[in-house]
Structure formats: structure tokens, C-alpha cells
Amino acid sequence: MARGNWQGEIRDYRKDGSQQTLLCNIGVLKDGDGNVFRHVAQFRDITHRVKREGLIWKQANYDVLTDLPNRRLFLDRLKQQMRIADRAGMPLALLFIDLDHFKEINDTLGHAKGDILLKEAAQRIIRCIRESDTVARIGGDEFTVIVQKFSDRGKIKKIAHAILHSLSHRFTMGENIEGFISASIGIAIYPADADNTEDLMKHADQAMYAAKQHGRNRLSFYHTSMQTKVREKMLLGNELRQALSRGELEVYYQPIIGIPDDGTVKAEALLRWAHPSRGMVSPDIFIPLAEESGFIVEIGNWVMREVISSIQQWRKKFGAVIHVGVNISPTQFDREEGFDWVGDLIDSSLPPGSINIEISEGLLIRNADIVKNRLCMCHAAGVEISIDDFGTGLSALSCLNEFPIDFIKIDRSFVNRIDSDGTRELVEAIILMAGKLGMKIVTEGVETKDQLDLMQAFGSDYIQGFYFSPPVTRNEFERKLDMPGQGSR
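Residue numbers (the working numbering): 1 to 489.
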């Protein structure tokens, strides 16, 4: 009040006992001699604004499924804990946990059941650690734990064994639906094994891979000779380059259904790798390898040309245009040659909207000028643009209307958590916002009739998910098409 005014937020309670946040402005009134004779306070209820800001912050820093810190917040905490360890002269342990056989749960029971398992796995890990330790979910079935203030490796082994034991018990995912998994845990010690976050993460990851190699359901401490995973990645990366020329890569298609049926036929193109000896290699494995090596640019152009060719052939065969969405990685976006396929699209004379590129929302808030120019170039060539997995990355709300966006795809994690606190309101807000901005909504991951009915009631324009069809081969996709009366002529 030294300058005669004050502003700040205060917490208060309403008559019904609920808490509210008020923005308070206090000023002074002075008489003719400059003496203060009265204080004036003005209050404004900003409860809803504060809640929205809190929701956005949580969305950016916490995993929506497990409510654990996500990779972004985890790395921030790891750096903080390393500084604390330095000051205390104590070591720090990083546990890298990967669930074994989780893919089989997803493939056999569906993603909804897999999500139930992930949530329970997170709670079991939490119950095995101390309150001072940090657990985070940094990937699909990957968790990390930061352990401080331990006297010897025996303490770390005790915690890791407790986690392994807990995760080995039966998981119940519904009435008469049960499953079993195990886990592989890699452990790296700071500063003995690494003196920075990047190397500590890398070494814990390598140790985890060694645990898998030795039979899973076990732990492994990092040591300097542990290069197995590095060599395996190099081998798989080389095989991926050969896969393209050998015809091992194939484009699958997952139908996207209009609600109500608007007469168009849509699908998302998804890349699959049928390895001659490894079998089907998960995209979660080979796509990051392709991005890391830069080979994703060549693969991406190949996928686009395959899709363009398929759309042309379908048009000749059925007299209709199939609208296909294709994911574009950040690496492709960063490289000018990542858009070589645009020339092929123009030469194809396909109608506008035949191709839809799907990008992550994080792209919109980095290198904005380059991204905007390339999106505008695509739009001018008749390409539609979607924001994929909207709401799971860094928030792009503030700049969404600055880019030529046609569709927003709501991530399946929101569909599965629709009854959780704040999720329903967030989904409704996204759909309402998209409508006001002239954008259409595609909801991903719909697996049940209840989810379909709910998203239809919310106003979603299109639905994608296992309820209608998993990704299928091109031939199977053609068989699924009920072409009479459908498609854009």
C-alpha cells in the first residue's frame, strides 16, 4: 500500500461452503491536503478463470490417464532432484519401468481395457515407493521413478523388487476380464553412471532393455559394457531402410465415420511393417527409429504417393473419392523435401480435400512462420489439415486461429476418461471452440456404443475407432466400403 494501491488474489468461501477466488483491488481516497481518509476495496470473482488456467497447466504437465507427472514435468523434477543430490552429496537412482506383454493386452482386449490396467499399474507403483520419491508416466507403457536418500544399492533393489512383485499379480479389467503382465526395470545411478539428465535416462533405458533381454520380470543395473540395445537399434534401423525396397512396408486404413452420414468416405492411413523374421514390428518401435535417422522423410513421401495412387484407383473403380488422412511427423515438417509429395498430388488432379495431413499441436507453437508457410502451401494445393491427438501436448489454443486448420482430432484418452473430473467439460469446450472457429471434430478411440452416443450428443462430426473397425489392409478396406451412394463424386 506504499503507493496507495494494492492488487492480489485471495481465497474465500461462499455461504454454501464452496471456495472461490477473488481478484482484490484496494485503493485509497485522499482529502484536499493529501491525507488518506478512506480505503476502497473492489472484488471480482475469477474462480472460473483460475480453474481454467489450472486445467490447462495440469493438461500440459500431467498424464491424462494416470494423473501422474508426464515426461515434461518429470524431466523438470529430475533436474531439481539432481541439484538437491549435489548439495547433499548423496546419490540419486533413476528406475526405468517398462510393462512386459502390455501390447498383447491391447491387441486382445482393446485399448479401453489396456487403459484400466495402466491406471492400476500406476497406483501399484505408487504404493511401492516413499512419499519423497517421484513416479511418472513418460510413454505408453513406460514409467520412471526417482529415488533419493538411499544408503546402498540394496535399498534400490528392495524398491524395484517390490514393484516387480506388485505388478506380477492379477489385473481385473472388468467383469470376468483378467490379465497378467510383468515388468522390466532398468536402474541408473547419479552421478556414478551419468552426470546429466539425458545420459541418465539413456543408461536407465539401456539397463531396462538388458532386463528384457534376460527374460523380463527382472531388474538390471546399468554398467558401461551395456551396449546391447544400441547395437539392436542400429540393426533394426538398417533393416528398416531395406524394408522399403523389399516391399515389407504396407499402408493400412482405418475408416472414419460421419455423424450423421454426410456422404463422404474418410479414413486414416497407418503404416505397418511385416518383418520376415520378427513378424509385425510395432510402429511405436520403428517410427521413432525412422525419425531419429531422418529416414522418415523418405518413408513419408512413399506413404503419401501410395495413398494418392490408391485414391486415384478407387476413384476409377468406384467413381468416388475417398478422403484419407496421413500423419506428418515433426521431422518431415522441418525438412523441405518432406513435402516432395505435394507435386504428385497436384499432378494427380484429385479434388481438394482428398488428402488430409495430421500434425501434432506442438508444431503450432514452434517455428511458427515456417509451419504457417508450409501449412498454407498445403492448403493452396487442396490439402486439408488436422490437429491430431488434440489436448495431449503443449496447448496451442492461443494460436489455433492463426493457422489454416480444418479438423481437430480428440485423443482417445479423453474418450476413456470422459466421466473424470473436468474431462467432460474440456471435451465439450474443445468441440464448442472448434465449431466457432469453423473446424470439424473427429473423435478417436471410440470402442463402445455408449462412447459413440455420448460423442454424438456432444456434437462430434466424425468418429474413428475399433467400434467400427481397426486399421485394415487396403483390400480389406475396399471390402468394407459400401460404395453405392457414398463418396464425393
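Every residue gets a Cβ at the ideal spot worked out from N, C-alpha and C, and that includes glycine.
Note that the structure is predicted; figures quoted are calculated from it, not measured.
Practice task
Give the straight-line distance between the Cα atoms of Y190 and L73, rounded to the nearest whole angstrom.
Solution key: Taking the sequence shown and counting its residues from 1, the one referred to as residue 190 is at position 190. Taking the sequence shown and counting its residues from 1, the one referred to as residue 73 is at position 73. Rounded to whole angstroms, Y190 to L73 spans 19 Å at the Cα level.
Handout entry: G487 versus V446: straight-line alpha-carbon distance, rounded
Key = Here residue 487 refers to the residue found at position 487 when the sequence shown is read from its first residue. Here residue 446 refers to the residue found at position 446 when the sequence shown is read from its first residue. Residue placement at G487 is poorly supported in this model, since its pLDDT is 44, which falls under 50; the coordinates are not used for a value here.
Practice task
Can you give me the Cβ contacts of D100 inside the same chain, cut-off strictly under 8 Å, excluding the 5 residues immediately before and after it?
Solution key: Taking the sequence shown and counting its residues from 1, one reaches residue 100 at position 100. Here the set comprises I181, S182, A183, S184, K212, R216 and N217.
Practice task
Mark L571 as exposed unless 16 or more other C-beta atoms lie within 10 angstroms of its C-beta, in which case mark it buried.
Solution key: The displayed coordinates of the chain run from 1 to 489. Any statement about residue 571 would go beyond what the structure contains.
Problem - Which residues DSSP lists as bridging R38, in chain order - result: Residue mapping note: residue 38 aligns to position 38 of the sequence shown, counting from 1. Beta-bridge pairing links R38 to L29.
Handout entry: Bridge-paired residues (DSSP) for G179
Key = Your numbering for residue 179 matches position 179 in the sequence shown. Paired residue(s): F171.
Problem - Uninterrupted beta strand (DSSP E) stretches inside the region 349-380 (no shorter than 3 residues) - result: 355-360
Handout entry: Residues near Y467 by beta carbon distance below 8 Å, same chain, minus five either side
Key = Along the sequence shown, one-based indexing puts residue 467 at 467. The answer, listed in chain order, is V446, E447, T448, K449, Q451 and L452.
Handout entry: Spatial distance of E53 from E358 (CA atoms)
Key = For the purposes of this step, residue 53 is taken as residue 53 along the sequence shown, with counting starting at 1. For the purposes of this step, residue 358 is taken as residue 358 along the sequence shown, with counting starting at 1. Here the alpha carbon of E53 sits roughly 27 Å from the alpha carbon of E358.
Exercise for the section: Please report how far the alpha carbon of D406 lies from the alpha carbon of R374, in whole angstroms. Expected result: Counted from its first residue, the sequence shown places residue 406 at position 406. Counted from its first residue, the sequence shown places residue 374 at position 374. Their Cα atoms are separated by approximately 15 Å.
Handout entry: Beta-carbon gap between M82 and K149 smaller than 7 Å
Key = For the purposes of this step, residue 82 is taken as residue 82 along the sequence shown, with counting starting at 1. For the purposes of this step, residue 149 is taken as residue 149 along the sequence shown, with counting starting at 1. Against a cut-off of 7 Å, the Cβ pair of K149 and M82 comes out as no contact.
Problem - First and last residue of the uninterrupted alpha helix (DSSP H) at F143 - result: Within the sequence shown, numbered from 1, the residue matching residue 143 stands at position 143. Unbroken run through F143 is the beta strand (DSSP E), E142 to Q148; no alpha helix (DSSP H).
Practice task
Any chance you could list the alpha helix (DSSP H) runs of at least 4 consecutive residues sitting entirely within the region 287-336, in chain order?
Solution key: Listed in chain order, they are 296-318 and 330-334.
Practice task
Would you decide whether N5 is buried or exposed? Buried here means 16 or more other CB atoms lie within 10 Å of its CB.
Solution key: Working through the sequence shown from its first residue, we reach residue 5 at position 5. Classification of N5: exposed, given that the 10 Å Cβ count is below 16.
Problem - With 16 other Cβ atoms within 10 Å as the buried cut-off, status of T134 - result: Along the sequence shown, one-based indexing puts residue 134 at 134. Under this definition T134 is a buried residue.
Handout entry: The alpha helix (DSSP H) enclosing L249, as first and last residue numbers
Key = Looking up residue 249 in the sequence shown gives position 249. Segment L249 to G258 is the beta strand (DSSP E) holding L249; no alpha helix (DSSP H) there.
Handout entry: Pick from L117, I355 and F96 that is closest to L65, judged by C-alpha positions
Key = The sequence position of residue 65 within the sequence shown is 65, counting from 1. It is L117 whose Cα lies nearest to the Cα of L65.
Handout entry: Cα-Cα separation between R335 and M304, rounded to whole angstroms
Key = Taking the first residue of the sequence shown as position 1, residue 335 is located at position 335. Taking the first residue of the sequence shown as position 1, residue 304 is located at position 304. Each residue's alpha carbon lies about 16 Å from the other.
Handout entry: Option nearest L345 by Cα separation, candidates G338, S354 and L454
Key = Here the question's residue 345 lines up with position 345 in the sequence shown. It is S354 whose Cα lies nearest to the Cα of L345.
Practice task
Specify, as a first and last residue, the run of the alpha helix (DSSP H) that S413 falls within.
Solution key: Your numbering for residue 413 matches position 413 in the sequence shown. That run of the alpha helix (DSSP H) goes R412 to N416.
Exercise for the section: Look at I187 and A93 and say whether their C-beta atoms are less than 7 Å apart. Expected result: As a working note, residue 187 is residue 187 in the sequence shown. As a working note, residue 93 is residue 93 in the sequence shown. Yes, these two residues count as a Cβ contact at 7 Å.
Problem - Beta carbon of I408 nearer than 7 Å to that of I385 - result: Counting from one through the sequence shown, the residue named residue 408 turns up at place 408. Counting from one through the sequence shown, the residue named residue 385 turns up at place 385. For I408 and I385, no; Cβs fall outside 7 Å.
Handout entry: Nearest candidate by alpha-carbon position, reference V492, set P330, P352, D347 and K317
Key = What the structure shows of the chain is the stretch from 1 to 489, and residue 492 is not part of that stretch, so it cannot be assessed.
Practice task
Write down the C-beta distance between I256 and Q464 rounded to the nearest angstrom, noting that I regard them as a contact closer than 8 Å.
Solution key: The residue labelled residue 256 in the question sits at position 256 within the sequence shown. The residue labelled residue 464 in the question sits at position 464 within the sequence shown. Your pair I256 and Q464 checks out as a contact, with CB atoms roughly 5 Å apart and the cut at 8 Å.
Problem - Beta carbon of V472 nearer than 7 Å to that of Y252 - result: As a working mapping, residue 472 is identified with position 472 in the sequence shown. As a working mapping, residue 252 is identified with position 252 in the sequence shown. Result yes, Cβ atoms of V472 and Y252 sit closer than 7 Å.
Problem - L394 in three-state terms, based on DSSP - result: Counted from its first residue, the sequence shown places residue 394 at position 394. Because L394 carries a pLDDT of 47, less than 50, the predicted location of this residue cannot be relied on, and no value is offered for it.
Problem - Neighbourhood of I10 by C-beta, 7 Å cutoff - its chain only, sequence neighbours within 5 removed - result: Numbered from its first residue, the sequence shown carries residue 10 at position 10. Answer for I10: L22 and C24, listed in chain order.
Practice task
Measure the alpha-carbon distance for R489 versus G459 and round it to whole angstroms.
Solution key: Here residue 489 refers to the residue found at position 489 of the sequence shown. Here residue 459 refers to the residue found at position 459 of the sequence shown. Caution applies to R489, whose pLDDT of 37 falls short of 50 and renders its modelled position unreliable; the model cannot decide the point.
Exercise for the section: Could you check if S309 is buried or exposed, using at least 16 other CB atoms within 10 Å of its CB as the buried criterion? Expected result: The residue labelled residue 309 in the question sits at position 309 within the sequence shown. For S309, the number of other beta carbons within 10 angstroms of its own is below 16, and it is reported as exposed.
Practice task
Could you tell me whether the region 284-296 touches the region 226-242, where touching means 3 or more Cβ pairs closer than 8 Å?
Solution key: yes
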